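For reference, the structure is listed below as structure tokens.
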Ligand SMILES: *Cc1c(COP(=O)(O)O)cnc(C)c1O
């Protein structure tokens, strides 16, 4: 095998990362990839035989394990089995897929929707399908990696603007030659910071400069808006987004991604997006679970309301004891620690006291802004949130963050 004969930059990269991991593991500061044995109602998990409070979940409305969703998934397995006959375009489409896409279109107030087997693949493939050489894509600096990768893969001119700065966005729009195709793309809620894009101004700019607008609602579906429909509902700006992207893996306890929009756009994507044409359909159980989850969100609006209360309690409590939580307004709460090492030690303190939190360090966030990326969900009770905050505060005082 050639591996033993190689000593090049690829091998050096592998060794550098593995050393970083091994050093953290040796210092008992490594808490990534921990296997969870049991989910206990969404707010608690069993890890290495210990029950821990879960404060790193994306299941914002606490829908993982919801009986109605589980029942729908089981019924789909009984009816269709566990896989499909391949890609959607050929033999892979089931009535379940069409029903799910109709459900998503209705939920997002769009004419039509298309689903893919992952949110990551959705952004990658859809941006690369819509844009090519000679076109322009303008992206917020803190957009998710899947958006960045899609922009790079598209071959379009890739312009970025300072995070959530609408003057910087306008400057970028002005820089594009007349007549060139242009797409503005942004997260609705930023995945590491929890803040909300200045949507009204972004929409107005796209209209003024005739740019397409694509918004990734991975962290806003179920979170923003009175009924959890997302950022358009939150700002009362219906039909402001041209390309409504979301995942089926966070609030929706399944897997997959979607685009909702004009029926011509969706029909085009169905016949040209590589992630749709060359990758297998969503498994029946996952499609059925996703569809049932949208129904549950609409039928149990108290979950959206409870999430909002829980997020307010968590953010205001952490601020009160002196933490910097940046500009979050949502269920994602960055607890800024500073250096990577400090974030690892804060995590260790929590994990040793049965609070499941995880650190985000560079290069995922800028150096010096390492943080606990804590989340609350509708599954938490106020007492559980208070308890977690008291442990995080104790950690912050001992480690010198506050
Ligand atoms: C998680 C995430 C994705 C990717 O979704 P998956 O379904 O997990 O592949 C895309 N965009 C954002 C903003 C995300 O947070």
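Numbering (the numbering used here), first residue to last: 91 to 492. Every residue, glycine too, gets a C-beta built ideally from N, C-alpha and C. Note that the coordinates shown come from a computational prediction; the quantities given were computed from them, not determined experimentally.
- Please confirm if the segment 479 to 491 is in contact with the segment 403 to 420, defined as three or more CB-CB distances below 8 Å between the two stretches. Segments in contact, yes.
- Query: Rounded to a whole number of angstroms, what is the C-alpha to C-alpha distance between residue 245 and residue 222?
  - Reply: Here residue 245 corresponds to residue number 155 of the chain shown, with the count starting at 1. Here residue 222 corresponds to residue number 132 of the chain shown, with the count starting at 1. Going by the C-alpha atoms only, they are around 5 Å apart.
- Since residue 436 is in the alpha helix (DSSP H), which residue starts that stretch and which ends it? Within the chain shown, the letter at position 346 stands for residue 436. Residues 430 to 442.
- Item | Given residue 211 as reference, the closest of 453, 127, 375 and 306 once Cα atoms are compared | The residue given as residue 211 occupies position 121 in the chain shown. Nearest C-alpha to residue 211: 306.
- Query: What does residue 302 pair with, by DSSP beta-bridge criteria?
  - Reply: Residue numbering aside, residue 302 sits at position 212 when the chain shown is read from its first letter. For residue 302, which the question treats as bridged, DSSP gives the partners 273.
- My understanding is that residue 465 touches residue 422, with C-beta atoms under 8 Å, so please give their C-beta distance in whole angstroms. As a position in the chain shown, residue 465 is number 375, starting the count at 1. As a position in the chain shown, residue 422 is number 332, starting the count at 1. Going by Cβ atoms, the distance from residue 465 to residue 422 rounds to 6 Å, so yes, they are a contact pair.
- Query: Going by the C-beta, is residue 210 closer than 6 Å to any heavy atom of ligand 1?
  - Reply: In the chain shown, counting from the first residue as 1, residue 210 sits at position 120. Checking the Cβ of residue 210 against ligand 1 gives yes.
- Task: Starting from the N-terminal side, write out each stretch of the beta strand (DSSP E) that is 3 residues or longer and does not extend beyond the segment 195 to 238.
- Result: Runs found: 202 to 206 and 226 to 230.
- Item | Whole runs of the beta strand (DSSP E) within the segment 338 to 376, excluding any shorter than 3 residues | Every beta strand (DSSP E) of 3 residues or more that sits fully in the segment 338 to 376 is shown, in chain order, as 347 to 351.
- Query: Among all the DSSP beta bridges, which residues are the ones paired with residue 424?
  - Reply: Numbered from its first residue, the chain shown carries residue 424 at position 334. Residue 424 pairs with 463.
- Message: Let's test the definition: count the other Cβ atoms within 10 Å of the Cβ of residue 470 and tell me whether it reaches 16, buried, or not, exposed.
- Response: As a position in the chain shown, residue 470 is number 380, starting the count at 1. Looking at its Cβ environment, which holds 16 or more other Cβ atoms inside 10 Å, residue 470 is buried.
- Query: For residue 203, which residues from the same chain have a beta carbon less than 6 Å from its beta carbon, with the 5 sequence-adjacent residues on both sides left out?
  - Reply: In the chain shown, counting from the first residue as 1, residue 203 sits at position 113. Within the same chain, residue 203 has close Cβ partners 191, 194, 195, 348 and 350.
- Task: Compute the Euclidean distance between the alpha carbons of residue 371 and residue 346, then round it to the nearest angstrom.
- Result: For the purposes of this step, residue 371 is identified with residue 281 of the chain shown, where counting begins at 1. For the purposes of this step, residue 346 is identified with residue 256 of the chain shown, where counting begins at 1. The alpha-carbon separation between residue 371 and residue 346 amounts to approximately 10 Å.
- How about the segment 355 to 365 and the segment 315 to 325: do they share at least three Cβ pairs that are nearer than 8 Å? Counting Cβ pairs under 8 Å, fewer than three are found: no touch.
- Message: Is residue 240 close to ligand 1? I mean its beta-carbon at under 6 Å from any heavy atom of the ligand.
- Response: Against the chain shown, residue 240 aligns to sequence position 150. Flag unset: Cβ of residue 240 not near ligand 1.
- From 468, 265, 115 and 311, pick the residue whose C-alpha is nearest to that of residue 404; which is it? Against the chain shown, residue 404 aligns to sequence position 314. Taking only the C-alpha atoms, the option nearest residue 404 is 468.
- What does a CB cutoff of less than 7 Å around residue 481 pick up in its chain, not counting 5 residues either side in sequence? Here the question's residue 481 lines up with position 391 in the chain shown. Apart from sequence neighbours up to five positions away, the residues of its chain that approach residue 481 with a beta-carbon distance below 7 Å are 440, 443 and 445, ordered along the chain.
- For residue 297, the nearest candidate out of 260, 309, 313 and 285 (CA to CA): As a first step, residue 297 is located in the chain shown; it is residue number 207 there, counting from the start. If we check each option's Cα against that of residue 297, 260 comes out closest.
- Query: Given a threshold of 16 other Cβ atoms within 10 Å of its Cβ, counted over all protein chains shown, does residue 302 qualify as buried or as exposed?
  - Reply: Indexing the chain shown from 1 puts residue 302 at position 212. When all chains shown are included, residue 302 counts as buried.
- Should residue 306 be counted as a contact of ligand 1 given a C-beta to heavy atom distance under 6 Å? Taking the first residue of the chain shown as 1, we reach residue 306 at position 216. Yes, since a heavy atom of ligand 1 falls inside the 6 Å radius drawn around the Cβ of residue 306.
- Could you check the C-alpha separation between residue 383 and residue 343 for me, to the nearest Å? Your numbering for residue 383 matches position 293 in the chain shown. Your numbering for residue 343 matches position 253 in the chain shown. So the alpha carbons of these two residues sit roughly 7 Å apart.
- Task: Within its chain, find whatever has a CB closer than 6 Å to the CB of residue 152; leave out the 5 residues flanking it on each side and keep chain order.
- Result: Taking the chain shown and counting its residues from 1, one reaches residue 152 at position 62. Cβ within range, chain order: 132, 467, 468 and 469.
- Query: Is the Cβ-Cβ distance between residue 308 and residue 334 less than 7 Å?
  - Reply: Taking the first residue of the chain shown as 1, we reach residue 308 at position 218. Taking the first residue of the chain shown as 1, we reach residue 334 at position 244. For residue 308 and residue 334, no; Cβs fall outside 7 Å.
- Tell me the DSSP bridge mates of residue 130? Translated into positions along the chain shown, residue 130 becomes position 40. Answer by DSSP bridge pairing, in chain order: 134.
- Contact test: residue 285 Cβ vs ligand 1 heavy atom, cutoff 6 Å: Here residue 285 corresponds to residue number 195 of the chain shown, with the count starting at 1. No, since every heavy atom of ligand 1 falls outside the 6 Å radius drawn around the Cβ of residue 285.
- Shortest alpha-carbon distance to residue 336 belongs to which of 329, 95 and 198? Within the chain shown, the letter at position 246 stands for residue 336. Cα-wise, what sits closest to residue 336 is 198.
- On the three-state DSSP scale, how would you describe residue 287? As a working note, residue 287 is residue 197 in the chain shown. Here residue 287 sits in coil by DSSP.
- Query: ligand 1 heavy atoms versus the CB of residue 281: any closer than 6 Å?
  - Reply: Here the question's residue 281 lines up with position 191 in the chain shown. At least one heavy atom of ligand 1 is nearer than 6 Å to the Cβ of residue 281, so yes.
- Item | Strand pairing of residue 141, partner residues [DSSP] | Translated into positions along the chain shown, residue 141 becomes position 51. In the DSSP output, where bridge partners are listed per residue, residue 141 has 136.
- Could you tell me the boundaries of the alpha helix (DSSP H) in which residue 316 lies? Here residue 316 refers to the residue found at position 226 of the chain shown. Premise fails: residue 316 is in no alpha helix (DSSP H) and is neither H nor E.
- Got a sec, what are the start and stop residues for the beta strand (DSSP E) residue 397 sits in? The sequence position of residue 397 within the chain shown is 307, counting from 1. It is not in any beta strand (DSSP E) - residue 397 instead sits in the alpha helix (DSSP H) that spans 392 to 410.
- beta-carbon residue 320 near ligand 1 non-hydrogen atom, thresh 6 Å: Mapped onto the chain shown, residue 320 falls at position 230. Flag unset: Cβ of residue 320 not near ligand 1.
- Closer than 6 Å: residue 505 CB and nearest ligand 1 heavy atom: This structure cannot speak to residue 505, because the chain is shown only from 91 to 492.
- Message: Please state whether the Cβ-Cβ distance between residue 433 and residue 457 is less than 7 Å.
- Response: For the purposes of this step, residue 433 is taken as residue 343 along the chain shown, with counting starting at 1. For the purposes of this step, residue 457 is taken as residue 367 along the chain shown, with counting starting at 1. No, the pair does not count as a contact, with Cβ atoms beyond the cut-off.
- Task: Return yes when the Cβ of residue 234 is within less than 7 Å of the Cβ of residue 276, no when it is not.
- Result: Along the chain shown, read from residue 1 onward, the residue named residue 276 stands at position 186. Along the chain shown, read from residue 1 onward, the residue named residue 234 stands at position 144. Going by C-beta atoms, residue 276 is not nearer than 7 Å to residue 234.
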